[in-house]
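So in our numbering the end of the sequence shown lands on 275, straight run, no missing numbers. Below is one structure, written out as structure tokens, with a few remarks after it.
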Amino acid sequence: MSGNAVENKDLAENHAEFDHEEDTVRDVMKVFPLKSLLGADTRLKLFEADLYNPESFEESIQGCEYVFHVATPMPAPNEISNWDPSKAAVTAVKSIAQSCIKSGTVKRLIYTASVMTTAVVKEDGTGFKDVFDEDCWTPLDCTFPHYDQFTKGYVHSKTLSEKEVLKINETKEGGLEMGKYMQENYPEFDIEEKFIEGPETGIKCGSTKLIDSGFEYKYDLKKLLDDTVACARRLGVLN
């Protein structure tokens, strides 16, 4: 579904800098949704490839400038009971990354991460970390409610493959507090006291890695809050 959505958007926007799009599919006989997209008849080229055979992606990567890695290994119905795609997922992402480097044309590999690989649970499962940042990975040795074999296999494979991707590509805290800002600048709204002051509780989201890499925020919290209120008023949510 993710790959289909990406392809649909690219073809619909008809990017002038790209004369064609290339997709990989597990079964070329089951690609009607892709072939029916606007512009697919002239600009879309399909290759058959499988994550369990990662070398099969190399041909499709040659000559490309951007590669979207949105797939993950999936089990056959009769394999779910003992399914663990971790090795296949890690091998595939390493192979695809190497093919991108080898091509000499790929400018960027975009890897689709999963929220299920992140958690503020401590590695031993005894509690929670104080800060939620890029180092908060889902503990692979802990069990969680509704954690069946399929979910376990998915979480293991995505977590390990995401770590592998990050290996390849080897806080300033804001001074504004939302409740206080809203109370001072929008007195017409009734802001509950619990949102104004009091000791900080909960888990903070850290952005140190983002800032250290050179990222600069374009809009501050004040701008975001002002625009949020303006939008809500325009839509009639706030009077």
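Ideal Cβ placement from N, Cα and C applies to all residues, glycine included. Model, not experiment: these values are computed from the prediction.
- Scanning the stretch 150-226 from its first residue to its last, the whole alpha helix (DSSP H) runs of 4-plus residues come out as 185-204 and 214-221.
- Within a 10 Å sphere around the beta-carbon of residue 194 sit 16 or more other beta-carbons, which makes this residue buried.
- Around residue 225, the same chain offers 218 as residues with beta carbons nearer than 7 Å, after the five sequence neighbours per side are excluded.
- Setting aside the 5 residues that flank it on each side, residue 197 is surrounded in the same chain by 125, 126 and 129, each with a C-beta closer than 6 Å to its C-beta; the list follows chain order.
- Here DSSP, grouped into helix, strand and coil, assigns residue 86 to strand.
- In the DSSP annotation of this structure, the continuous segment of the beta strand (DSSP E) that includes residue 103 starts and ends at 102-105.
- For residue 81, the secondary structure class from DSSP, reduced to helix, strand or coil, is strand.
- Per DSSP, reduced to three states, the secondary structure at residue 145 is strand.
- For the pair residue 137 and residue 84, the Cα-to-Cα distance works out to about 21 Å.
- Residue 122 and residue 175 have their C-alpha atoms roughly 14 Å apart.
- Here the C-alpha atom of residue 254 lies approximately 33 Å from the C-alpha atom of residue 191.
- Below 8 Å, too few C-beta pairs join the stretch 170-187 and the stretch 85-92 to call them touching: fewer than three.
- Apart from the 5 residues on each side of it in sequence, residue 156 sits with its Cβ closer than 7 Å to the Cβ of 164, 165, 168, 172 and 239 in its chain, given in chain order.
- Following the DSSP letters along the chain, one finds residue 134 inside the alpha helix (DSSP H) bounded by residues 122-139.
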